[in-house]
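A short write-up of the structure that comes next.
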Amino acid sequence: EVAGEVADGFLVHPLNTRRSLEELTVPAIARGAARVGRDPSAVELVCVTIVVTGRDDEQYRRSYEAVRRQLAFYGSTPAYAPVLELEGYGDLHPELKALARDGRWDDMAGLVDDDLVERVAVCGEPSAIAPAIRSRLDGISDQVSLVNNRAPDPEHFATVVRDLHQPHEG
Numbered sequence: 016e017v018a019g020e021v022a023d024g025f026l027v028h029p030l031n032t033r034r035s036l037e038e039l040t041v042p043a044i045a046r047g048a049a050r051v052g053r054d055p056s057a058v059e060l061v062c063v064t065i066v067v068t069g070r071d072d073e074q075y076r077r078s079y080e081a082v083r084r085q086l087a088f089y090g091s092t093p094a095y096a097p098v099l100e101l102e103g104y105g106d107l108h109p110e111l112k113a114l115a116r117d118g119r120w121d122d123m124a125g126l127v128d129d130d131l132v133e134r135v136a137v138c139g140e141p142s143a144i145a146p147a148i149r150s151r152l153d154g155i156s157d158q159v160s161l162v163n164n165r166a167p168d169p170e171h172f173a174t175v176v177r178d179l180h181q182p183h184e185g
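Each position in the sequence shown, counted from 1, maps to that position plus 15 in this note's numbering.
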């Protein structure tokens, strides 16, 4: 809400979904803006978006599993529990938090199922990523920041960025 009151922009944490943006993030910014009589559109929304892609099956699998581990870590953090709750994974946060507290980092990823990975991350072949990002963020986000810091490949990110800059219908 504070971003809505005073910020020029807001960088959304990567643990997000279209639903969490629509039901949590955007309304919070609007509430903050309303408190001070500001137009919420004055706050530029930049969505950090996790991407799973690859030039072959092996690279895709490595990227996917890296994101699964990343989401397990994020899911153990109390600040991100509302997104899990909203997506029907409310019971996951306490389990991940307990494993993290016990230092059982290697066991955490096994609790993150494919459905959650695919709700949070944009997954697919490089040519499918830009349309999926548009579908997810059009009408919500002013900018996008692509993330896969666990298994990066600048070549396929270049393809995605080029595709995002192409005109599209919609």
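Where a beta carbon is used, it is the ideal one built from N, C-alpha and C, also for glycine.
Coil, strand or helix - residue 190 by DSSP: The question about residue 190 has no answer here: the residues shown for the chain are numbered 16 through 185.
Runs of alpha helix (DSSP H) wholly within the region 84-121 (minimum 4 residues, chain order): Counting only runs of at least 4 residues, the region 84-121 fully encloses the following alpha helix (DSSP H) elements, listed from N- to C-terminal order: 96-101 and 107-116.
For residue 160: DSSP bridge partner residues: By 1-based counting over the sequence shown, the position of residue 160 is 145. Looking at the DSSP assignment, residue 160 forms a beta bridge with 63.
Residue 64 beta carbon less than 8 angstroms from that of residue 29: On the sequence shown, residue 29 is found 14 positions in, with the first residue counted as 1. On the sequence shown, residue 64 is found 49 positions in, with the first residue counted as 1. Closer than 8 angstroms, so yes.
Three-way DSSP call (helix, strand, coil) for residue 30 in this model: Indexing the sequence shown from 1 puts residue 30 at position 15. Coil.
Assigned secondary structure, residue 51 (DSSP; H/G/I helix, E/B strand, else coil): Within the sequence shown, the letter at position 36 stands for residue 51. In this structure, residue 51 counts as coil in the three-state DSSP scheme.
Residue 93 classed as buried or exposed, judged by whether at least 16 other C-beta atoms fall within 10 angstroms: Working through the sequence shown from its first residue, we reach residue 93 at position 78. When all chains shown are included, residue 93 counts as exposed.
Assigned secondary structure, residue 24 (DSSP; H/G/I helix, E/B strand, else coil): Here residue 24 refers to the residue found at position 9 of the sequence shown. In this structure, residue 24 counts as strand in the three-state DSSP scheme.
Candidates 178, 111 and 77: closest to residue 89 by CA position: Position 74 of the sequence shown, counted from the start, is the residue given in the question as residue 89. Nearest option by C-alpha distance: 111.
Beta-carbon gap between residue 86 and residue 135 smaller than 8 angstroms: Here residue 86 is taken as the residue at index 71 of the sequence shown, counted from 1. Here residue 135 is taken as the residue at index 120 of the sequence shown, counted from 1. Their beta carbons are under 8 angstroms apart, which means residue 86 touches residue 135 by this criterion.
Touching by the beta-carbon criterion (3+ pairs, under 8 angstroms), the region 144-152 and the region 115-132: no
Identified DSSP bridge partners for residue 132: Translated into the one-based positions of the sequence shown, residue 132 becomes position 117. Paired residues: none, contrary to the question.
Cα-Cα separation, residue 54 to residue 48: Here residue 54 refers to the residue found at position 39 of the sequence shown. Here residue 48 refers to the residue found at position 33 of the sequence shown. The alpha-carbon atoms of residue 54 and residue 48 are separated by roughly 6 angstroms.
8 angstroms Cβ cutoff met for residue 83 and residue 127: Counted from its first residue, the sequence shown places residue 83 at position 68. Counted from its first residue, the sequence shown places residue 127 at position 112. The answer is yes: Cβ separation under 8 angstroms.
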